[in-house]
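K.L.:
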Amino acid sequence: MGMESYQQGIKGEETAEKYLVQQGFEILERNFHSQQGEVDIVARDKDFLVFIEVKNYSFRSLGSPLSAVRKNKRESIIHAARTYLLKKGIKKTNCRFDVLTIYRGMDGSRRIEHFKNAFFCD
Amino acid sequence: MLVKINSAAILGLEAYRVEVEVDSSRGLPGQSIVGLPDAAVREARDRVRSAIENSGFEFPASYFTINLAPADTRKEGPLYDLPIALGMLMASEQISSQRLNGSIILGELSLDGSVRPVKGVLPICLALAKDHQQVMVSKGNADEAALVEGAVVMPVESLRQAADYLNGKIKIQPHRVDVASLFPPEPEFSLDFIDVKGQGHVKRALEVAAAGGHNLLMVGSPGSGKTMLARRLPTILPPLSIEEALEVTRLYSVTGLLNSKGVLITRRPFRSPHHTTSDIGIIGGGRVPRPGEVSLAHLGVLFLDEFPEFDRQVLEVLRQPLEEDKVTISRAHSSLTYPAQFMLVAAMNPCPCGRLYDQNLNCTCTPIQIQRYWRKLSEPLLDRIDIQLEVPRLKPDELSSLPEGETSKQIRQRVQAARRTQNQRFKGSGIYSNARMHPKQIREFCRLDKEAENILKSAIVHLKLSARAYDKVLKLARTLADLEDRPVICASHIAEATQYRTLDRNPSTSSG
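In the order they appear, the protein sequences are chains A and W. Residues 1 to 122, numbered by our numbering, are exactly what the first sequence covers, in order. Residues 1 to 512, numbered by our numbering, are exactly what the second sequence covers, in order.
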């Protein structure tokens, strides 16, 4: 089970990456880790540096999939983003946090939803 | 990019301009609101985000610094939602700031992007409308804002509408209100003195109180109709003038009580707080002091039923407003003054069980109990109540046999005439009624004829009137003479006036 969902996660990120490239994003980093956080994908979308969280769904739970990115997760992503900016010495750049949800149906169909500017620092 | 939008804040009854500065900068997206915001202002960012997204705009991914200047006064409430949202949209260049023209903008945002009414719009417009080209408020506040002469009021229903207007996509007609048309030609009341059977002398006393602005204390057994009579007092008071109506409305506006009462308050307020109300509730207060019951009764009637049941503290704090027609409340943050010019009408039982003056029922109270009951009312407080009278319980046959009395309208006409006489008499002296005369004015205006003087002298001897009571009797006699439009006080006026000093004649009860 654990292995399976891990592989699904990897697969999902590959799907997401393909989708983002199609949308004109330039992928800069995958699975960037900081001490207290991680972010799935760092990419460039025109003027924006975008930190992207990828979420996989095999069934549609109640409520918005956005609500699955809870406070802890948000803080982890924000921490990773701050670390990224610091390490690369990036200043005065427009940044954004996006969430990408990938829904997999029983019949193997797939639907991707892209939430731009999904949340911000508190 | 930096955007500045004008808004306003309220301190007491006074309003001042607040500049909402919205600055967007690059970096991780987020917002900080500075300039001493309270919780409601800080929560604006969650409302603003939803409102912007649900109005079909994009929530900008920038770091926003929002400053409410001047930064050293506290900002309260949700009225900055709309200016903050518009500022963010301008800073992200989704709408243009060209047509802003220094407008004052206020409004709370709902999550769906509609604009909701806020408190205190009237005082804000009174203070700021003349120096600013226009005021943008929610539709619910439009009438209130338009009460101010010369104010150009732009009512908006939603964030989208406000944005479209600023983008020049739509035009909004300035909202206008005809203030005079809000006043009914003849004040209408659901209560009327004609409903009250008997109690002729109480009705008369209420008429005198209304005519001279005298405070009144009614002492009577339960069920004798004290409350019923007091509730009808506003129906015989002269109607509010436009300036007075604006003054009362302003107080209700800052307290947030306006929406349930219509746009402009055209009737004199009648407040009857319960006797468990605290001194802060009566006088006003709080961290940033808010008006209390005495101010909400401004230009109207404050009715205190079960007078001695109020906390002693509460009764004593009434003294300043009764004397000065205003209350000054000082707190760590600010010291504020609210007007509190009201008629005090108090009602009480003669003793804890209420049967003391009843001929048919036996009072079960001990003299000590009665004394303790009366001791709640201090001398200085009673000193400020000109008319004290007993209200007897009606007998069953009286209730059915007594003819109907006068209507409130008939009484009100006499009261208005007497008030007019007083207005002429006190013109320019800062006094507006007989009840507020100083000793100097009492000597000047309360001229007695020979017979009246004799009666007063014998009253002093026989009824043992004190010097304090002497002045009260003269003031009351002046009002009685005014009601008959007589320049000089006659014997009958003095005789009637002494009737209204029940407690002076019962020193056993009044001194406690």
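Every residue gets a Cβ at the ideal spot worked out from N, C-alpha and C, and that includes glycine.
1) Between phenylalanine 32 of chain A and glutamate 38 of chain A, how many whole angstroms is the CB-CB distance? I'm expecting something under 8 angstroms.
2) Consider the Cβ of lysine 46 of chain A: report whether some Cβ of chain W lies at a distance smaller than 7 angstroms.
3) Hey, does leucine 2 of chain W have any beta-carbon neighbour from chain A nearer than 7 angstroms?
4) Taking only beta-carbon atoms, is arginine 74 of chain A less than 7 angstroms away from chain W?
5) Would you call isoleucine 10 of chain A buried or exposed, if buried means 16 or more other Cβ atoms sit within 10 Å of its Cβ?
6) Give a yes or no on whether the C-beta atoms belonging to valine 42 of chain A and glutamate 53 of chain A are separated by under 7 angstroms.
7) Would the stretch 1-10 of chain W count as touching the stretch 98-116 of chain W if we require 3 or more Cβ pairs under 8 angstroms?
8) Going along chain A in order, which residues have a C-beta closer than 9 angstroms to the C-beta of proline 29 of chain W?
9) Per DSSP, glutamate 29 of chain A is paired with what?
10) Any beta carbon from chain A within less than 7 angstroms of serine 92 of chain W's own beta carbon?
11) Determine, using beta carbons only, whether isoleucine 236 of chain W and valine 415 of chain W come nearer to each other than 7 angstroms.
12) Which whole runs of the alpha helix (DSSP H) in the stretch 260-293 of chain W are 4 residues long or more, in chain order?
13) Taking lysine 55 of chain A as part of the alpha helix (DSSP H), name the residues at either end of that continuous run.
14) For a contact defined as C-beta to C-beta under 7 angstroms, what are the partners of arginine 70 of chain A on chain D?
15) Say whether chain A places a C-beta atom closer than 7 angstroms to the C-beta of arginine 47 of chain W.
16) Helix, strand or coil for glutamine 388 of chain W, going by three-state DSSP, please let me know.
17) Using C-beta distances below 6 angstroms, list every residue in its chain close to proline 273 of chain W, excluding the 5 sequence neighbours before and after it, in chain order.
18) Against chain A, with Cβ distances strictly below 7 angstroms, would arginine 74 of chain W count as a contact?
19) Counting Cβ pairs closer than 8 angstroms, one from the stretch 191-200 of chain W and one from the stretch 389-406 of chain W, do we hit at least three?
20) Could you check whether isoleucine 455 of chain W and alanine 491 of chain W sit closer than 7 angstroms to each other, using their CB atoms as the reference points?
21) Is it true that the CB of alanine 163 of chain W sits closer than 7 angstroms to the CB of isoleucine 95 of chain W?
22) State yes or no: is the C-beta of glycine 300 of chain W within less than 7 angstroms of the C-beta of phenylalanine 270 of chain W?
23) Enumerate in chain order the residues of its own chain whose CB-to-CB distance from glutamine 133 of chain W is below 7 angstroms, with the five nearest sequence positions on each side excluded.
24) Whole angstroms are fine: how far does the CA of lysine 119 of chain W sit from the CA of leucine 503 of chain W?
25) Across which residues does DSSP place glutamate 108 of chain W in a beta bridge pair?
26) Given a cut-off of 7 angstroms, decide if isoleucine 90 of chain A and phenylalanine 51 of chain A are closer than it, judged by their beta-carbon atoms.
27) Does any residue of chain A bring its CB to less than 7 angstroms from the CB of arginine 26 of chain W?
28) Taking C-beta to C-beta, are proline 275 of chain W and phenylalanine 303 of chain W nearer than 7 angstroms?
29) Measuring CA to CA, which of W:Arg372, W:Gly35, W:Arg419, W:Pro487 is closest to phenylalanine 445 of chain W?
30) Would you call valine 21 of chain A buried or exposed, if buried means 16 or more other Cβ atoms sit within 10 Å of its Cβ?
31) Can a CB atom of chain A be found closer than 7 angstroms to the CB of alanine 51 of chain W?
32) On the DSSP bridge list, what partners appear for valine 115 of chain A?
33) Ignore the nearest five residues each way along the sequence and tell me which others in proline 507 of chain W's own chain have a CB closer than 6 angstroms to its CB.
34) Kindly indicate the opening and closing residues of the alpha helix (DSSP H) around tyrosine 252 of chain W.
35) So does the stretch 28-36 of chain W actually touch the stretch 58-75 of chain W, counting three or more Cβ pairs closer than 8 angstroms?
P.N.:
The short version:
1) Against the first sequence, residue 32 of chain A aligns to sequence position 32. Against the first sequence, residue 38 of chain A aligns to sequence position 38. In this structure, phenylalanine 32 of chain A and glutamate 38 of chain A form a Cβ contact; the two beta carbons are roughly 7 angstroms apart against a cut-off of 8 angstroms.
2) Here residue 46 of chain A refers to the residue found at position 46 of the first sequence. Closer than 7 angstroms to the CB of lysine 46 of chain A there is not a single CB belonging to chain W.
3) Here residue 2 of chain W is taken as the residue at index 2 of the second sequence, counted from 1. Not closer than 7 angstroms to any Cβ of chain A, the Cβ of leucine 2 of chain W fails to qualify, so no.
4) Taking the first residue of the first sequence as 1, we reach residue 74 of chain A at position 74. Not a single C-beta of chain W is nearer than 7 angstroms to the C-beta of arginine 74 of chain A.
5) Here residue 10 of chain A refers to the residue found at position 10 of the first sequence. Its Cβ having fewer than 16 others within 10 Å, isoleucine 10 of chain A is exposed.
6) Numbered from its first residue, the first sequence carries residue 42 of chain A at position 42. Numbered from its first residue, the first sequence carries residue 53 of chain A at position 53. For valine 42 of chain A and glutamate 53 of chain A, no; Cβs fall outside 7 angstroms.
7) Yes: at least three Cβ pairs fall under 8 angstroms.
8) The count along the second sequence starts at 1 and reaches residue 29 of chain W at position 29. Those within 9 angstroms of proline 29 of chain W in chain A are Asn94, Cys95, Arg96, Phe97, Asn117, Phe119, Phe120, Cys121.
9) Here residue 29 of chain A refers to the residue found at position 29 of the first sequence. BP columns for glutamate 29 of chain A point to A:Val42.
10) Here residue 92 of chain W corresponds to residue number 92 of the second sequence, with the count starting at 1. False, the Cβ-Cβ gap to chain A never drops below 7 angstroms.
11) Sequence index remark: in the second sequence, residue 236 of chain W carries index 236 (1-based). Sequence index remark: in the second sequence, residue 415 of chain W carries index 415 (1-based). At the C-beta level, isoleucine 236 of chain W and valine 415 of chain W come within 7 angstroms of one another.
12) Complete alpha helix (DSSP H) runs here, min 4: 279-283.
13) The residue labelled residue 55 of chain A in the question sits at position 55 within the first sequence. Element bounds for lysine 55 of chain A: not the alpha helix (DSSP H) but the beta strand (DSSP E), 48-57.
14) This model lacks chain D altogether; the protein chains it does include are A and W.
15) Locating residue 47 of chain W in the second sequence gives position 47, counting from the first residue. Closer than 7 angstroms: no.
16) Locating residue 388 of chain W in the second sequence gives position 388, counting from the first residue. It is a strand residue.
17) Within the second sequence, numbered from 1, the residue matching residue 273 of chain W stands at position 273. So the list reads Glu293, once near-sequence residues are dropped.
18) Indexing the second sequence from 1 puts residue 74 of chain W at position 74. Nearest CB-CB separation between arginine 74 of chain W and chain A: not below the 7 angstroms threshold.
19) Output reads yes: the stretch 389-406 of chain W touches the stretch 191-200 of chain W.
20) Within the second sequence, the letter at position 491 stands for residue 491 of chain W. Within the second sequence, the letter at position 455 stands for residue 455 of chain W. Isoleucine 455 of chain W is positioned such that its CB atom lies closer than 7 angstroms to that of alanine 491 of chain W.
21) Position 95 of the second sequence holds residue 95 of chain W. Position 163 of the second sequence holds residue 163 of chain W. Yes, the Cβ-Cβ distance between isoleucine 95 of chain W and alanine 163 of chain W is below 7 angstroms.
22) By 1-based counting over the second sequence, the position of residue 300 of chain W is 300. By 1-based counting over the second sequence, the position of residue 270 of chain W is 270. A contact, by the Cβ cut-off of 7 angstroms.
23) Against the second sequence, residue 133 of chain W aligns to sequence position 133. A distance below 7 angstroms between beta-carbons, with the five flanking residues on each side excluded, links glutamine 133 of chain W to the following residues of its chain, in chain order: Asn101, Gly102, Ser103, Val152.
24) Translated into the one-based positions of the second sequence, residue 503 of chain W becomes position 503. Translated into the one-based positions of the second sequence, residue 119 of chain W becomes position 119. Going from the Cα of leucine 503 of chain W to the Cα of lysine 119 of chain W covers about 44 angstroms.
25) Here residue 108 of chain W is taken as the residue at index 108 of the second sequence, counted from 1. W:Arg116.
26) For the purposes of this step, residue 51 of chain A is taken as the residue at position 51 of the first sequence. For the purposes of this step, residue 90 of chain A is taken as the residue at position 90 of the first sequence. It is not a contact, given that the beta carbons lie outside the stated cut-off.
27) What you label residue 26 of chain W is simply residue 26 of the second sequence in a count that begins at 1. Yes - at least one Cβ of chain A is within 7 angstroms of the one on arginine 26 of chain W.
28) Looking up residue 275 of chain W in the second sequence gives position 275. Looking up residue 303 of chain W in the second sequence gives position 303. Residue identity check: residue 275 of chain W is histidine in the sequence provided, not proline. With a cutoff of 7 angstroms on beta-carbon distance, histidine 275 of chain W and phenylalanine 303 of chain W are scored as not near each other.
29) Taking the second sequence and counting its residues from 1, one reaches residue 445 of chain W at position 445. Looking from the CA of phenylalanine 445 of chain W, the closest CA among W:Arg372, W:Gly35, W:Arg419, W:Pro487 belongs to W:Pro487.
30) One-based indexing of the first sequence puts residue 21 of chain A at position 21. Result: exposed.
31) Sequence index remark: in the second sequence, residue 51 of chain W carries index 51 (1-based). Chain A, which has no Cβ nearer than 7 angstroms to the Cβ of alanine 51 of chain W, makes this no.
32) Counted from its first residue, the first sequence places residue 115 of chain A at position 115. Per the sequence shown, the amino acid found at residue 115 of chain A is phenylalanine instead of valine. Phenylalanine 115 of chain A pairs with A:Val99.
33) In the second sequence, counting from the first residue as 1, residue 507 of chain W sits at position 507. Unreliable placement is indicated for proline 507 of chain W, whose pLDDT of 45 sits below 50; no coordinate value is reported for it.
34) The count along the second sequence starts at 1 and reaches residue 252 of chain W at position 252. Where tyrosine 252 of chain W is concerned, the enclosing alpha helix (DSSP H) stretches over 242-255.
35) As far as the Cβ criterion goes, the stretch 28-36 of chain W touches the stretch 58-75 of chain W, which means the pair count is three or higher.
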